[in-house]
Structure formats: structure tokens, C-alpha cells
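Residue numbers (my numbering): 431 to 730.
Heads up, the beta-carbon is just placed ideally off N, CA and C, and yes, glycines get one too.
Structure first, then comments.
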């Protein structure tokens, strides 16, 4: 086994895009890669899954961990990471689906994590894998399309206006809103995170934000483009300039869990606000629908 891809089954589409990138950039066959949620790369029928995975986690020449807010809560993913770290063998954490470095705790935080939404970071990862596996990678032009597809898949789903549909004429777009993935639930659940993407050719500025609950009542929140390990916004409510993209974190001031939040983001590129919706109940329904059928080993 040359490459083991650790991930949560909730991130199956991201894992598929990463496998496509590996196959496009490196001379690897299906039997060289293990990725338990992707067809063609799953465990063989009839194998003892726990024993097989334990062996492959240790023996794989390269171990890639796709870390998302879902995967860092997966018992299996954490077990695989711990086993690989304990073996003192090479592994590369790749942050996807909006995970931030503050969500990665010691001892894993000592390992440099790749940002899945950065083409430069992912390109460097391919070069590192080429060296580690002692195989020659393709020229960047040959896998550029697959690289862009993985970077796109690593971004949270784009939400515009109604929280579901992308609109090409919007100068500023907002990703799907999620909890940031902090390790302590009390800190994590009172914060939501999104990423703003500037599609215009000029710098945008966020100057105001309003938040409402399911009944339309105003929520008292603090917002910024950075948070500390406890979920507290740094330099809260200052103007946020956006050239290409920027994170936005919103914390409910009373520390209570955010289960639903409608955001109105006011910015310099439009007269009206950009609207995003966080709905934990709707996300839970979607997860139940997606998990219907045989349960994968990493679906917790």
C-alpha cells in the first residue's frame, strides 16, 4: 500500500476529488491507494476490516488525513491518526470543509497542515508525495484541472441569498455556514464560520453584520475574520477587507449554542446585504439521508 487516505464518510465527495488528483498527478494504480468510502479503493470483501486497516495505516508509505469538522469527531479517523503518529511515520494533515488550524490540538498541531483550498499548498503536497514515494509526478499542466476540482470540493458549499443556490452576478459569495470544529463543544457550538469569496475585480469591505434566529428575533453577536482557541473573535467588529477570500466567524455573545442563524452581511460591493443561513436541524436531516444504507466504518 503506497497511500492511505484517512477521512470521514461525510466527506466522501472531497475524498473522491482527492483520489482523482492522486491518479492524475502520480503514476498510481487503484491497488496502491486505500480510501474506504470511494468505490474501487475500499477494503476487499470478506477481510477483517479492523485488522486490515491497522496494518495498512502502519505500512502505507504515505498517510493523508482529510481533516474536516466532521472527521475530527470521528473515532476511527482519530484512531488512525493516533496510530500513524505513534509509529513516527510520515503523514500529512489536509484541512478541508472549513476546518481551521485552531481546531487541531496537540500533539497533531505540531505537524504542518496543508490548506485544502490553497492550490499552492496542494501542489506542494503532490511534490512531497512524489519524493516520498520515489516516483515522478506529472507536469502541473497535466493535473491542473484535477487540482482545481479538489480545491473547489474542499471549500464549503456555496450559499447565496436563499442559502442554496449560487448566483453568478453576485460580486461577493458566502460559503456554507458551519460550526468551526473547535475541540470543546461549549466553545464550538456558539460560533459559526463561513468563507467569503470576492468575485469582483475590486477590494470589498464588510462593514456591518446582522443576525436573526428562526423567529426573526435579533441575535446579539460578535464577528471577526479570526478567533482564538476558545472561539472568541479577535479584533471583533472591525472592518474586514476582502481581495480574494476571507473567513468570517460569528459568535453568539451569551455563549448559547447556535442552532439556527440567518446572517445579513453588509458590504461595499452591493447596496443590499449578502444573506446566509445556518440551520443545524436541516444539516442533520441531510446527514441522515446521506447515511442511509450500509454503514461505513468511519461514519460516526
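Query: Counting C-beta neighbours from all protein chains within 10 Å, is the total for residue 462 16 or more, i.e. buried, or is it exposed?; Result: buried
Query: Can you have a look at residue 598 and say buried or exposed, based on whether 16 or more other CB atoms are within 10 angstroms of its CB?; Result: In this prediction, residue 598 has a pLDDT of 40, which is less than 50 and means its spatial position is unreliable; nothing more can be read from the coordinates.
Query: Have a look at the DSSP bridge pairing and note the partners of residue 648.; Result: 642
Query: Please list the segments of the beta strand (DSSP E) lying wholly inside the segment 486-571, counting only runs of 3 or more residues, in order along the chain.; Result: 492-497, 521-525
Query: Decide if residue 459 is buried, meaning its Cβ has at least 16 other Cβ atoms within 10 Å, or exposed.; Result: exposed
Query: Could you give the residue range of the beta strand (DSSP E) that holds residue 618?; Result: Per DSSP, residue 618 belongs to no beta strand (DSSP E); it is in the alpha helix (DSSP H), 615-618.
Query: Terminal residues of the continuous alpha helix (DSSP H) containing residue 450?; Result: 442-455
Query: For residue 625 and residue 476, I'd like the C-alpha separation in whole angstroms.; Result: 43 Å
Query: Using the rule of at least 16 other Cβ atoms within 10 Å of the residue's Cβ for burial, across every protein chain shown, is residue 465 buried or exposed?; Result: buried
Query: What's the call for residue 500, buried or exposed, on a 16-neighbour Cβ count within 10 Å?; Result: buried
Query: DSSP state of residue 733, grouped into three classes?; Result: Examination of residue 733 is not possible in this model, given that the chain is present from 431 through 730 alone.
Query: The beta strand (DSSP E) with residue 692 in it runs from where to where?; Result: 690-697
Query: So residue 436 packs on residue 495, CB below 8 Å; how close in whole Å?; Result: 5 Å
Query: Quick one, which of 493, 452, 442 has its alpha-carbon nearest residue 468's?; Result: 442
Query: Run the CB neighbour count on residue 535, radius 10 Å, all protein chains shown included, and call it buried at 16 or more, exposed below.; Result: exposed
Query: Out of 659, 661, 521, 583, which one is the CA nearest neighbour of residue 491?; Result: 521
Query: Would you mind sorting residue 667 into buried or exposed? The rule is 16 or more other CB atoms within 10 Å of its CB.; Result: exposed
Query: Use the C-beta contact count for residue 572: other C-beta atoms within 10 angstroms, 16 or more gives buried, fewer gives exposed.; Result: exposed
Query: Under a three-way DSSP split, which group does residue 656 fall into?; Result: coil
Query: Specify whether the segment 609-619 and the segment 636-656 touch according to this definition: at least 3 beta carbon pairs, one from each stretch, less than 8 Å apart.; Result: no
Query: For the candidate residues 680, 700, 701, 523, whose alpha-carbon lies nearest to that of residue 691?; Result: 680
Query: On the three-pair Cβ rule with 8 Å, is the segment 692-712 touching the segment 628-639?; Result: yes
Query: Out of 554, 515, 558, 555, state which residue places its alpha-carbon closest to the alpha-carbon of residue 540.; Result: 515
Query: What do you get for residue 542, buried or exposed, if any count of 16 or more other CB atoms within 10 angstroms of its CB means buried?; Result: exposed
Query: Beta-carbon separation of residue 483 and residue 526 under 8 Å?; Result: no
Query: If you follow the beta strand (DSSP E) that residue 624 is part of, which residue opens it and which one closes it?; Result: 621-628
Query: Return the CA-CA distance between residue 709 and residue 561, expressed in angstroms with no decimal places.; Result: 44 Å
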